[in-house]
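> Pasting a structure below so you can have a look.
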Amino acid sequence: MKKIYFLIYLCCFHFVANAQIQHVEPLNWWVGLKNPNLQLLIHGENISETQPSINYAGVSIKKVNKADSKNYLFLDLVIAKTTKAGSFTINFKKAGKTVYTYNYSLLPKQQASAQMRGFNSSDVIYLITPDRFVNGDYSNDVVAGMKEAKINRGFDGGRHGGDIRGMINSLDYIANMGFTAIWPTPVLENNMSGYSYHGYAITNHYKVDPRYGTLDDYKELSTKARQKGIKLIFDEVLNHTGYGYWWTDDLPFKNWLNYPDTKTSTNHRRTVNQDLYASDYDKEFMKKGWFDRMMPDMNGENPYMANYLIQNTIWWIETLQLGGVRQDTYGYSDKTFLKNWSCAIMNEYPNFSIVGEEWSVNPLITSYWQRGKKNADGYNGCLTSIMDFPLQEALVNALKEKETWGKGLVVLYEALANDFVYADPSNILIMGDNHDMDRIFTQLNEDVDLTKMALGYLLTTRGIPQIYYGTEVLMQNTGHHKVDGLIRSDLPGGWKEDSVNVFTEKGLTEAQKSTKAYLKELLNWRKNNSVIAHGKTLHFAPFDGIYVYFRYDNKKTVMVVMNKNEKEIKLETKRFDEILQNKTSAKNILNNEIQTLKNGLTISPKSTMIFEVF
1 MKKIYFLIYL
11 CCFHFVANAQ
21 IQHVEPLNWW
31 VGLKNPNLQL
41 LIHGENISET
51 QPSINYAGVS
61 IKKVNKADSK
71 NYLFLDLVIA
81 KTTKAGSFTI
91 NFKKAGKTVY
101 TYNYSLLPKQ
111 QASAQMRGFN
121 SSDVIYLITP
131 DRFVNGDYSN
141 DVVAGMKEAK
151 INRGFDGGRH
161 GGDIRGMINS
171 LDYIANMGFT
181 AIWPTPVLEN
191 NMSGYSYHGY
201 AITNHYKVDP
211 RYGTLDDYKE
221 LSTKARQKGI
231 KLIFDEVLNH
241 TGYGYWWTDD
251 LPFKNWLNYP
261 DTKTSTNHRR
271 TVNQDLYASD
281 YDKEFMKKGW
291 FDRMMPDMNG
301 ENPYMANYLI
311 QNTIWWIETL
321 QLGGVRQDTY
331 GYSDKTFLKN
341 WSCAIMNEYP
351 NFSIVGEEWS
361 VNPLITSYWQ
371 RGKKNADGYN
381 GCLTSIMDFP
391 LQEALVNALK
401 EKETWGKGLV
411 VLYEALANDF
421 VYADPSNILI
431 MGDNHDMDRI
441 FTQLNEDVDL
451 TKMALGYLLT
461 TRGIPQIYYG
471 TEVLMQNTGH
481 HKVDGLIRSD
491 LPGGWKEDSV
501 NVFTEKGLTE
511 AQKSTKAYLK
521 ELLNWRKNNS
531 VIAHGKTLHF
541 APFDGIYVYF
551 RYDNKKTVMV
561 VMNKNEKEIK
571 LETKRFDEIL
581 QNKTSAKNIL
591 NNEIQTLKNG
601 LTISPKSTMI
611 FEVF
């Protein structure tokens, strides 16, 4: 009889000892957050058949929620304001016996929520595709167990080996150029069979892709960037995920994902969010359809998924002490969820920044999402910034088109005149290109002067400028328009075997050196002139291939002249008397040359000239 009891004991002990909880997310949490509620996703075999308990001062279980799958529990906790940082054990019992235990950590906050400050118009953002930027650690080029195991720099759709260490090693370069923020495209795990170097097919929201490095590397990047005055912006994807996610074969709820069985595609009709006449049919496929057949659409209308995504954003903000979030494919998700997500973040971090990607060239569509906009349907989320695709298109067309009635620089003038539709036009992200479109040098037909004109405009107009890596040396994808892998080509000098090097300038052409020097000087001038970031704008209708605008405050006035003509011109200044008033001189910010205003300004051909007037 004793042997039988002993065998039963051994069996029970073996079950408890080998029982494993596979996932608990978020991985940890913090004391001192404004919102005391925390919902843990707990994943383990038959976990729904257990009863969890916690014995830790200040932490209480509010509710235990079962899912459709018996392998999940969603545990609602309340963390009191008086709760101390530390670890506690969650015990899971079945029939009175403990079958699972899990130790969970509550960390102290590094800084108060109000001190978490995001990017703003005083910043210039350097956009990086990490896989194509710099390979700083060759040991992680190939990682055992990853579905895409090979590095192939000769294949534009494959992995090339750039990583977080490469970005860390380049921080001095980025800072010296004059950038004050970096936006790397996602570096979370994308364990897909191919074409996932871009990072937007995430297969684990809490894991750095080992081919980029580790979480410690990511934290180091953030810390060292911050020490150099550079904010780290986190690129997030609320709308979709990667098909190889760990939950794919065992979803918590049947509606955790949209169309999990049919992989129905989105119709991309983003106008349905405001369209007075839009059908429910089109609205449904817009927000629930998959962005790509290998990118399942996450269902923000499921309250557990919504909590999961909100908490994931907060987890990364706290873990990395971020300087902002860039939200991919904004508007593709359910807009009530987007409102709840954005407001949850901004309520927790009132001085933070979130920019959404709404790729529309109609400002009536883009302006809809920005915080403070009075919309006809009453919608008002908490998104602080939106990407200004309307101005991007206008800038390129204005520089490429011949100056005729209704074309040329007047297109840019009228695009800026649409700012009345925005709640906060000074807080909009502006760009000449990004990782999803032809590079600006290619869009402008590889015209160096026009490219410099575009950069001059972006760094002096209202908004938050973003410059794509390699623009400083005229990277291009001419002849292969809109081929993503070529748009995201390797930065020359990012690999030790490269014969051309952006950092040392070895092998660069004179045009590349000149553009890099021009951008560097302009960036560092802008950094020390708050009038560009915070000043008012006054512009004058273009004439004869000339567009003039002013940035000014009560301390300084900056005059910007865009001249598309192939020849030098003499610009009479009398028409600008309303702002020039008693000012007599203009200093070229690039060479410090001073001209007398009453004699007219000499403006170089095909240039954006910037003057401090006094």
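Going by UniProt numbering, the first residue of the sequence shown is number 1, and it counts up by one from there.
Beta carbons are placed, not taken as given, at the ideal position from N, Cα and C, and that holds for glycine.
Just to confirm, are Asn-71 and Ile-54 a CB contact at a threshold of 9 Å?
As a position in the sequence shown, residue 71 is number 71, starting the count at 1. As a position in the sequence shown, residue 54 is number 54, starting the count at 1. The answer is no: Cβ separation not under 9 Å.
> Tell me which same chain residues have a C-beta within less than 7 Å of the C-beta of Tyr-173, skipping the five on either side of it?
As a working note, residue 173 is residue 173 in the sequence shown. Closer than 7 Å at the Cβ level, and outside the excluded window around Tyr-173, lie Phe-503.
> Quickly, what does DSSP pair Asp-68 with across the bridge? List them, please.
On the sequence shown, residue 68 is found 68 positions in, with the first residue counted as 1. DSSP lists no partner for Asp-68.
> Looking at C-alpha atoms only, which residue of Lys-224, Lys-263, Lys-231 and Ile-233 is the closest neighbour of Gly-242?
The residue given as residue 242 occupies position 242 in the sequence shown. Of the listed residues, the one whose Cα sits closest to Gly-242 is Lys-263.
> Whether or not the segment 530-544 and the segment 134-143 are in contact is what I'm after, with contact meaning three or more pairs of Cβ atoms, one per stretch, closer than 8 Å; do they touch?
Not touching, per the Cβ criterion.
> Straight-line CA distance for Thr-602 to Ala-415?
Counting from 1 along the sequence shown, the entry for residue 602 is found at position 602. Counting from 1 along the sequence shown, the entry for residue 415 is found at position 415. Rounded to whole angstroms, Thr-602 to Ala-415 spans 27 Å at the Cα level.
> Exposed or buried, Phe-285, counting other C-beta atoms within 10 Å across all chains shown (16 or more means buried)?
Counting from one through the sequence shown, the residue named residue 285 turns up at place 285. Flag for Phe-285 reads buried.
> To the nearest angstrom, how far is the alpha carbon of Tyr-368 from that of Asn-273?
Stepping through the sequence shown from its first residue, residue 368 is reached at position 368. Stepping through the sequence shown from its first residue, residue 273 is reached at position 273. Rounded to the nearest angstrom, the two C-alpha atoms are 9 Å apart.
> Taking the beta strand (DSSP E) that Lys-536 belongs to, which residues open and close that run?
Along the sequence shown, one-based indexing puts residue 536 at 536. Counting along the chain, the beta strand (DSSP E) containing Lys-536 begins and ends at 536-543.
> Quick check on DSSP: helix, strand or coil for Thr-366?
Mapped onto the sequence shown, residue 366 falls at position 366. Of the three classes helix, strand and coil, the one that applies to Thr-366 here is helix, per DSSP.
> Identify which residue in Asn-588, Ile-164 and Gln-22 has its Cα closest to the Cα of Asp-216.
In the sequence shown, counting from the first residue as 1, residue 216 sits at position 216. Here the closest residue by C-alpha is Ile-164.
> Can you list, in chain order, the stretches of the alpha helix (DSSP H) that have 4 or more residues and sit fully within the segment 250-324?
Taking only runs of at least 4 residues, the alpha helix (DSSP H) segments lying wholly in the segment 250-324 are 280-288 and 303-320.
> Secondary structure at Ala-175, three-state DSSP: helix, strand or coil?
Locating residue 175 in the sequence shown gives position 175, where the first residue counts as 1. Residue state, collapsed to three classes: helix.
> Reducing DSSP to helix, strand and coil, say where Met-453 ends up.
As a first step, residue 453 must be located in the sequence shown, where it is residue number 453. Three-state result, Met-453: helix.
> With distances taken between CB atoms, is the gap from Tyr-102 to Val-24 smaller than 9 Å?
If you number the sequence shown from 1, residue 102 lands on position 102. If you number the sequence shown from 1, residue 24 lands on position 24. Against a cut-off of 9 Å, the Cβ pair of Val-24 and Tyr-102 comes out as a contact.
> Going by Cα to Cα distance, which pick from Gln-476, Pro-186 and Lys-527 is closest to Phe-179?
The sequence position of residue 179 within the sequence shown is 179, counting from 1. Here the closest residue by C-alpha is Lys-527.
> Closer than 9 Å, CB to CB, is Lys-555 near chain E or not?
Included in the structure is just one protein chain, with no chain E present.
> For the beta strand (DSSP E) holding Phe-551, just list the boundary residues, first then last.
Mapped onto the sequence shown, residue 551 falls at position 551. Residue identity check: residue 551 is Arg in the sequence provided, not Phe. Per DSSP, Arg-551 belongs to the beta strand (DSSP E) from 546-552.
> DSSP on Val-410, reduced to helix/strand/coil?
Along the sequence shown, read from residue 1 onward, the residue named residue 410 stands at position 410. Here Val-410 sits in helix by DSSP.
> Where does Ile-594 land, buried or exposed, given buried means 16+ other C-beta within 10 angstroms?
Numbered from its first residue, the sequence shown carries residue 594 at position 594. By the neighbour-count rule (16 or more Cβ atoms within 10 Å), Ile-594 is not buried but exposed.
> From what residue to what residue does the beta strand (DSSP E) around residue 617 run?
Because the chain here runs from 1 to 614, residue 617 falls outside it and cannot be looked at.
> Cβ atoms of Gln-466 and Tyr-126: under 9 Å apart, would you say?
By 1-based counting over the sequence shown, the position of residue 126 is 126. By 1-based counting over the sequence shown, the position of residue 466 is 466. Against a cut-off of 9 Å, the Cβ pair of Gln-466 and Tyr-126 comes out as a contact.
> Quick test of your reading: Ala-181 and Ile-128, contact by CB under 8 Å. State the CB separation rounded to the nearest angstrom.
For this step, residue 181 is matched to residue 181 along the sequence shown. For this step, residue 128 is matched to residue 128 along the sequence shown. Ala-181 to Ile-128, Cβ: 11 Å. No contact.
> Just checking my contact of Tyr-468 with Asp-433 at CB under 8 Å: how many whole Å lie between their CB atoms?
Residue numbering aside, residue 468 sits at position 468 when the sequence shown is read from its first letter. Residue numbering aside, residue 433 sits at position 433 when the sequence shown is read from its first letter. 5 Å between Cβ atoms; contact.
> Quick one: what's Lys-97 bridged to in DSSP?
As a working mapping, residue 97 is identified with position 97 in the sequence shown. BP columns for Lys-97 point to Lys-94.
> Determine, using beta-carbon pairs with one atom in the segment 220-240 and one in the segment 303-323, whether at least three such pairs fall under 8 Å.
Contact holds: three or more Cβ-Cβ distances are below 8 Å.
> Of the choices Met-167, Lys-207 and Asp-209, whose alpha-carbon is the least far from that of Ser-222?
Taking the sequence shown and counting its residues from 1, the one referred to as residue 222 is at position 222. Of the listed residues, the one whose Cα sits closest to Ser-222 is Met-167.
> Looking at the structure shown, is Lys-2 part of a helix, part of a strand, or coil, going by DSSP?
Residue 2 sits at position 2 when you count from the first residue of the sequence shown. Below a pLDDT of 50, predicted positions are generally treated as unreliable, and Lys-2, at 43, falls in that range; the measurement from the model is reported next regardless. Looking at Lys-2 - three-state DSSP - the assignment turns out to be helix.
> Taking the C-alpha atoms as reference points, what is the distance between Val-500 and Pro-492?
Position 500 of the sequence shown holds residue 500. Position 492 of the sequence shown holds residue 492. So the alpha carbons of these two residues sit roughly 5 Å apart.
> Counting along the chain, where does the beta strand (DSSP E) carrying Gly-485 start and finish?
As a working note, residue 485 is residue 485 in the sequence shown. Segment 484-487 is the alpha helix (DSSP H) holding Gly-485; no beta strand (DSSP E) there.
> Would you call Leu-523 buried or exposed, if buried means 16 or more other Cβ atoms sit within 10 Å of its Cβ?
Walking along the sequence shown from the start, residue 523 turns up at place 523. Buried, because 16 or more other Cβ atoms sit within 10 Å of the Cβ of Leu-523.
> Checking the sheet assignment: what are the DSSP bridge partners for Asn-563?
The residue labelled residue 563 in the question sits at position 563 within the sequence shown. Bridge partners of Asn-563: Ile-546 and Ser-607.
> Grab me the residues of Met-431's own chain with a C-beta within less than 6 Å of its C-beta, minus the 5 sequence neighbours each way, in chain order.
As a position in the sequence shown, residue 431 is number 431, starting the count at 1. Cβ within range, chain order: Gln-392 and Gln-466.
> Excluding five sequence neighbours on each side, which residues of the same chain lie with their C-beta closer than 6 Å to the C-beta of Val-396?
What you label residue 396 is simply residue 396 of the sequence shown in a count that begins at 1. Around Val-396: Gln-443.
> Would you decide whether Ser-607 is buried or exposed? Buried here means 16 or more other CB atoms lie within 10 Å of its CB.
Locating residue 607 in the sequence shown gives position 607, where the first residue counts as 1. When all chains shown are included, Ser-607 counts as buried.
> Once the 5 residues before and after Gly-381 are set aside, which same chain residues still bring their CB inside 7 Å of it?
As a first step, residue 381 must be located in the sequence shown, where it is residue number 381. Only Leu-338, Lys-339, Ser-342, Cys-343, Trp-369 and Arg-371 meet the Cβ criterion.
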